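Worksheet for the structure shown next.
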DNA sequence: ACCGTTCCTGACGTTGACGTAAGATGGCGA
DNA sequence: TCGCCATCTTACGTCAACGTCAGGAACGGT
């Protein structure tokens, strides 16, 4: 590898972004980014001596993740924090993994990560199921309406003729 | 109409619930129900002369719908209102459908309903897709971790050589 | 060194969706 | 008719997740 094993962590020359650029690229407000830092959710890769925030790719990804969890799962920032904490812990693990020669420790950490990821997966899965049911319901309705429309546009001769004549009121037993 | 052509609308003896019971069954607060009425989202089937609210099955369903749209789609009450308005309009249609002898009107209303339902469906579908992608991502991670765990518990012969660079192995059979 | 742009830190404002408390009825079994 | 719990209206409180100034430094190109 080169001069520095640029693994997962931010390193050296990574072209850090100022808050304006970062916000622009992420499509979020600067205020939001400052807020995330305020509550310890996204800490900039670096602060300039003058106090300016500098964001690296890792932080951008983190923010994207936050937005995804907000939009997709409807989690609040506190719930999101726990999710991100898990993922952080996971990154720790990745590092420790190669540094450690203790398989017992590895097993332990892996188990923890799995135990902590599974509930999230379940939550997502439940939501997916409900969404799918909802979608099916919508499709069913739409199909029904399309059928009705079809009947009007391409009317079965007998049916249409029987009905359209003489402003007749609908047959008593016709619920759909 | 007969004595009571109990079609879609609430009618006659439907065992209306007082707000307490309704809230209890729905798992929402009384305040929420009053609030929904305040903003014209769910109007009780009836108010007693004294001013007490009475809820019928239709209103309960409506509230359930609201909660579903909140939880599942993350819509706010204003967006939900437009959705419910559409569905109301649809109920109107159902009534008018049988009362009207004007196919043109029917076509028009059906078209409108479809045109207005489709976007919602699309929105739901998009969300479903994103959720599925997210789920896939989670599964991928978990599978990876499980692989690692498997390697530890049942170490393959060429351990050190295989692990160094391997991100993943497509080999499916790895369960103990 | 200059200067326009960008960012900083407070600190108060906003919005949605209710929560909560107070005091005044309403409904209804005994 | 009494008593009592459920409801009513009114109105202020709350909480998250930022929005929006104001006044003052930091950056960075020239």
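Residue numbers (my numbering), protein chains in the order written: chain B, 347 to 522; chain F, 347 to 522. Don't be surprised by glycine CBs; every beta carbon is placed ideally from N, CA and C. What you are looking at is a predicted structure, and each value in this text was computed from that prediction instead of being measured.
Inter-residue Cα distance where the pair is residue i and residue j
i             : j             : result
residue 513/B : residue 497/B : Confidence at residue 513/B is low in this model, with a pLDDT of 38, below 50, so its placement is unreliable and the value that follows should be read with caution. C-alpha separation (whole angstroms): 18 Å.
residue 349/F : residue 418/F : Annotation note: pLDDT 42 at residue 349/F (below 50); position unreliable, no value reported.
residue 471/B : residue 429/B : 16 Å
residue 387/B : residue 399/B : 14 Å
residue 488/F : residue 450/B : 19 Å
residue 442/F : residue 436/F : 10 Å
residue 432/F : residue 464/F : 11 Å
residue 469/F : residue 411/B : 20 Å
residue 426/F : residue 368/F : 20 Å
residue 346/B : residue 413/B : The requested residue 346/B is not part of the displayed model; chain B covers only 347 to 522.
residue 452/F : residue 372/F : 35 Å
residue 448/B : residue 384/B : 37 Å
residue 444/B : residue 483/B : 50 Å
residue 481/F : residue 395/F : 53 Å
residue 473/F : residue 486/F : 20 Å
residue 422/F : residue 420/B : 12 Å
residue 476/F : residue 477/B : 11 Å
residue 392/F : residue 391/B : 60 Å
residue 454/B : residue 377/F : 47 Å
residue 479/B : residue 438/B : 39 Å
residue 509/B : residue 397/F : Summary for residue 509/B: the model assigns pLDDT 44, below 50, so the residue's position carries little reliability; its value from the coordinates is reported in the next sentence. If I take the Cα positions, the gap works out to 45 Å.
Assigned secondary structure, residue i (DSSP; H/G/I helix, E/B strand, else coil)
i             : result
residue 370/B : helix
residue 363/F : strand
residue 522/F : The pLDDT assigned to residue 522/F is 31, lower than 50, so where the model puts this residue is not dependable; a value taken from the coordinates is nonetheless given after this. Note: residue 522/F maps to coil in three-state DSSP.
Where residue i meets chain B, residues with beta-carbon distance less than 8 Å
i             : result
residue 484/F : 463, 466, 467 and 470
residue 536/F : A query on residue 536/F cannot be resolved here, the shown segment of chain F reaching from 347 to 522 and no further.
Listed by chain order, chain F residues near residue i by CB distance under 9 Å
i             : result
residue 437/B : Simply none; closest approach about 12 Å.
residue 414/B : 476 and 480
Proximal chain F residues relative to residue i, where beta-carbon distance stays under 8 Å
i             : result
residue 474/B : 474, 477, 478 and 481
residue 420/B : 417 and 420
Per-residue contacts from residue i into chain F (C-beta, under 7 Å)
i             : result
residue 363/B : Within chain F, no residue comes near residue 363/B; the closest Cβ sits about 25 Å away, beyond 7 Å.
Nearest neighbour of residue i, chosen from the options [CA to CA]
i             : options                       : result
residue 440/B : 425/B, 427/B, 382/B and 456/B : 456/B
residue 379/F : 481/F, 464/F and 365/F        : 365/F
residue 409/F : 394/F, 395/F, 375/F and 397/F : 375/F
residue 434/B : 474/B, 448/B, 445/B and 389/B : 389/B
residue 466/B : 415/B, 381/B and 394/B        : 415/B
residue 424/F : 382/F, 454/F, 392/F and 397/F : 382/F
Contacts that residue i makes with chain B (C-beta to C-beta distance below 7 Å)
i             : result
residue 434/F : Near residue 434/F there are no residues of chain B at all, since even the closest Cβ is about 14 Å away, more than 7 Å.
residue 456/F : 491, 494 and 495
Do the segment 360-370 of chain B and the segment 400-408 of chain B make contact, defined as three or more Cβ pairs closer than 8 Å?
Contact between the segment 360-370 of chain B and the segment 400-408 of chain B is established, with three or more Cβ pairs separated by less than 8 Å.
Pairs of beta-carbons, one from the segment 474-492 of chain F and one from the segment 446-464 of chain B, closer than 8 Å: are there three or more?
These segments touch.
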